[in-house]
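First to last, the protein sequences are chains X and S. For the first sequence, full-length UniProt numbering begins at 1 and goes up steadily by one. For the second sequence, full-length UniProt numbering begins at 1 and goes up steadily by one. Cβ atoms here follow ideal geometry from the backbone N, Cα and C, with glycine treated the same way. Just so you know, these numbers come straight off a predicted model, no measurement behind them.
2 protein chains.
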Amino acid sequence: MTPNPTRRREASRRAVLTAAFDLVQEVGYAKLTIEGIAARAGVGKQTIYRWWPSKGVVLFDAFLMLSESGDGGPVVLPDTGDLRADLILVLRATVEELNDPRYDQPMRALATEITHDAELAAAYREHLDEPMREAKRERLRSAQRAGQLAPGLDLDIAVDLIWGPVLNRWLQRTGPLTADYAERVVTAALDGLRPRS
Amino acid sequence: MTPNPTRRREASRRAVLTAAFDLVQEVGYAKLTIEGIAARAGVGKQTIYRWWPSKGVVLFDAFLMLSESGDGGPVVLPDTGDLRADLILVLRATVEELNDPRYDQPMRALATEITHDAELAAAYREHLDEPMREAKRERLRSAQRAGQLAPGLDLDIAVDLIWGPVLNRWLQRTGPLTADYAERVVTAALDGLRPRS
């Protein structure tokens, strides 16, 4: 039986993306090359260049593949009715992922590619950030319906207020990124900096 | 009269730093080279290598020189007694600076070097971030004394909540960075996401 060419292409694509993800952990983004990825994936350099314009885009697609490797349904955040507890749970998981040595190099590489490449940033926003952001907004909408959030609140500002400090501390290394920090950020964002009487 | 060697060294140092800052705006960080900086500054390549281990550190020192070019006194944030108005003023100025094409490339370059280089990040934190952060904390301390902020508030969390979203939106390009956005972030951080009765 001749192997299905679509399947063969898909297998090569996955081999390239897995190789890129593994390799960037080992050598760092600066030393990641298309040649290195091709050797690791067991494909020709030209196969990669045919599908991807740059190593940044290969890495981006590797993240996309990882994000799609679940059951394919949309991401949903926990909703126990206790907004503070749910947000702390999620933000602590984010902190753990950002501190995980397996993800550290690839995620920093993707973040810096986005910083310098507006086109890749737009693709990132559409395919990776926006589905996650919608899940975050949806959890906040549910809290808003339950009267736990200010009625006129801009949910995008709310998402930025909760997740922005953690991402920024991670990227700019301005302090230790701990579970305790995640919890304090959630509390401060929900309560606000002004005193509550 | 023989020129003072200390002065001559200082003039070369400034020429190198100015050249690095100008050049990164023109060619971007990826194409910035020690050779290019040397040519622009009119010094030998070896002069640069004698003082700086990498182009990232040259650029960092260029920012340090800029931050020291005022009157030498510590940075102080405006304090009119109206915390919200003062924070909006400062955060809008930050947004303008981040949107300024003269600073865009150099600042993105510095930010991504910090993302990948823990040692440079530590130097950045000590010499550039911490003096600014202390000025921010000092403004918040004054508000706390006036009863405008929760008494037990962790001021570093407060700084991260106000400035983190803006820096993150800029670096990750997750949306337009406008004066209006700055204002909404300040309001949300001060009031909190939970309703105030």
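X/F63 and S/P101 have their alpha carbons spaced roughly 30 angstroms apart. About 6 angstroms separates the Cβ atoms of X/R173 and S/A118, confirming a contact at the 8 angstroms cut-off. Taking 7 angstroms as the Cβ-Cβ cut-off, the stretch 91 to 117 of chain S approaches chain X at R108, A111, T112, I114, T115, H116, given in chain order. What X/R184 touches in chain S, judged by beta-carbon distance under 8 angstroms, is D154, I157, going in chain order. Among the residues facing chain S, X/D86 is not included, as its CB has no counterpart in that chain under 8 angstroms away.
Among the residues of chain X, those whose CB is under 7 angstroms from the CB of S/G164 are G164, P165, N168, following chain order. Burial check for S/Q46: the Cβ neighbour count within 10 Å stays below 16, so the residue is exposed. For X/A19 and X/A38, the gap between their C-alpha atoms comes out near 8 angstroms. Per DSSP, S/V76 lies in no alpha helix (DSSP H) segment and is marked neither H nor E. The closest CA to that of S/R194, considering only X/Y181, X/D180, X/L155, is found on X/L155.
By the CB criterion at 8 angstroms, S/L59 and S/P106 fall inside the cutoff.
Under the criterion of beta carbons closer than 8 angstroms, X/V166 and X/L91 qualify as touching, at roughly 6 angstroms. Around X/V186, the same chain offers R84, L87, I88, L91, I162 as residues with beta carbons nearer than 7 angstroms, after the five sequence neighbours per side are excluded. For X/W51, the enclosing alpha helix (DSSP H) starts and ends at 45 to 51. Closest in alpha carbon position to S/P78, among S/G175, S/L98, S/S197, S/S142, is S/S142. In chain order, P74, V75 place their CB closer than 7 angstroms to the CB of X/P131, counting only its own chain and leaving out the 5 sequence neighbours on each side. Cα atoms of X/F21 and S/S197: separation of roughly 49 angstroms, rounded to the nearest angstrom. Listed in chain order, the alpha helix (DSSP H) runs fully inside the stretch 138 to 189 of chain X are 155 to 172, counting runs of at least 4 residues.
Going by DSSP, X/E35 is part of the alpha helix (DSSP H) stretching over 34 to 41. By the CB criterion at 8 angstroms, X/R169 and X/L177 fall inside the cutoff.
Beta-carbon to beta-carbon, S/L32 and S/V24 are separated by about 5 angstroms, close enough to satisfy the 8 angstroms threshold. For X/T80, there are no neighbours in chain S by C-beta distance under 8 angstroms, as the nearest C-beta there is about 17 angstroms away. Counting only Cβ-Cβ distances below 7 angstroms, S/T174 has contacts in chain X at R125, D129, in chain order. Between S/G42 and S/A15, the CB-CB gap stays under 8 angstroms. For X/P106, the three-state secondary structure derived from DSSP is helix.
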